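The next block holds one structure in the form of structure tokens; read it before the comments.
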Amino acid sequence: ISVSLQAMLSTLLASALAAAPEKVLLTMRTSLAKDDLAAAISAGKTALQSCSADKASEAPLHRVLNASVHGLERKQQLLSATPKPMPKLEKALKSAGKKLKAVKDEFDGEELLSKDDKATIAKAEAAERAARLAIDEAKVVERVKAGRGMSALPFSSLLASLRAGPHAGRLTVLSEAPLVVTVDDFLGAAGKEALADLPAVLDSLAHEEEGSPQLCLGDAPDKAVTKKVEEAIKEAKKAASKGKAHCNA
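Residue numbering for the sequence shown follows the working numbering, starting at -6 and increasing by one per position.
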């Protein structure tokens, strides 16, 4: 009975998740807000089992969930990793760089390298590359463990940085803990000017004489493109002269 009940609950859960994919993502987001990374990953994996990558209607959700779960698992891995001392990694990189330079200097000027010589160079290059990757990985681990540090910023300073950013506009603080704000009037002067000109542009387009469309190809259009356009115009005119509709999509 317990097995049948478990199967029934799994089916019901799968149906619910498939019917409301936005609830799955909301559940994952809520878990992340509570710093419950494991719960977010579990919710994503459960949802992945309920949707198919082969069905056209479910494929987009499957891709989003798969990428989300992969990213969260990567974060979980980084959080559990032990940071390696940067001075030690930098020393290893310096040593690998010296060895690589010495190997390349040894074979410099030789036109024909033996198989063993090529293997020696490849080994030195791989060691130097691995040392660089180790430093990059260590920096990522440090950054993930440190977090974004938003709570360490004074509230006034954080708002000031938002107002000075690329989306500066009218800020409305909805919550301070956690910080939730809405940003209005974020288009800026250029965006507002473009919107102000939009009615006039639409009006001019509406009053263009029928049969005289305009096509802008830039100052120096590609000759192949120009040729295609000219051929299409000729075909359209030929069809129009015979009273036929022309569409060559």
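Backbone N, C-alpha and C fix where the C-beta goes; we use that ideal spot for every residue, glycine too.
These numbers were taken from a predicted model, which means no experiment stands behind them.
Worksheet item: Does DSSP classify residue 98 as helix, strand or coil?
Response: In the structure shown, residue 98 sits in a helix (DSSP, three-state: H, G or I).
Worksheet item: If you count every other CB in all the chains shown that lies within 10 Å of the CB of residue 79, and 16 or more means buried, which is it?
Response: Exposed: under 16 other Cβ atoms inside 10 Å.
Worksheet item: Would you call residue 222 buried or exposed, if buried means 16 or more other Cβ atoms sit within 10 Å of its Cβ?
Response: So residue 222 counts as exposed.
Worksheet entry | residue 232 to residue 219 span [Cα, whole Å] | Rounded to the nearest angstrom, the two C-alpha atoms are 20 Å apart.
Discussion item. Let me confirm a value: residue 103 is counted as buried when at least 16 other C-beta atoms fall within 10 Å, else exposed. Which label applies?
Written reply: Counting of Cβ neighbours within 10 angstroms places residue 103 among the exposed residues, the total staying below 16.
Fill in: Delimiting residues of the alpha helix (DSSP H) encompassing residue 110
Bounds of the alpha helix (DSSP H) holding residue 110 are 108 to 139.
Discussion item. Output needed for residue 2: all residues of its chain with C-beta closer than 7 Å, excluding positions within five of it in sequence on either side, in chain order.
Written reply: Annotation note: pLDDT 49 at residue 2 (below 50); position unreliable, no value reported.
Worksheet entry | Nonlocal neighbours in the same chain, by C-beta distance under 7 Å from residue 96, ignoring five residues either side | Within the same chain, 113, 114 and 117 come within 7 Å of residue 96 by CB-CB distance, once the 5 residues on both sides are set aside.
Item to complete: Identify every residue that forms a DSSP beta bridge with residue 29.
Response: Per DSSP, none; premise fails for residue 29.
Worksheet item: Ordered along the chain, which non-local residues of its own chain (more than five positions away) have a Cβ less than 6 Å from that of residue 127?
Response: If we look at residue 127 and ignore the five residues flanking it on each side, its Cβ neighbours are 82.
Practice prompt. Sort out for me which residues DSSP pairs residue 165 with in a bridge.
Written response: Paired residues: 175.
Worksheet item: From residue 41 to residue 16, what distance separates their C-alpha atoms?
Response: Going by the C-alpha atoms only, they are around 13 Å apart.
Practice prompt. Pick helix, strand or coil for residue 77, following the three-state DSSP scheme.
Written response: Here residue 77 carries a coil assignment [DSSP, helix/strand/coil].
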